[in-house]
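Asker: In our numbering, the protein residues as written are 636 to 672.
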């Protein structure tokens, strides 16, 4: 597994070989929206 580092312009995360790292995060907001008490 390759390590991550900060890109040369200090704006992105990239792998050691300079390929961009895509981070996808999500939350379950719909779960709370549909919750009934």
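Backbone N, C-alpha and C fix where the C-beta goes; we use that ideal spot for every residue, glycine too.
#1: In the structure shown, what three-state DSSP assignment does residue 670 receive?
#2: Hey, would you say residue 657 sits closer than 7 Å to residue 639, going by beta carbons?
#3: Express the C-alpha separation of residue 643 and residue 654 in angstroms, rounding to a whole number.
Answerer: Checking against the coordinates, here is how it stands:
#1: Residue 670 falls in the coil class under three-state DSSP.
#2: Contact flag unset, no.
#3: A straight line joining the alpha-carbon of residue 654 with that of residue 643 spans about 12 Å.
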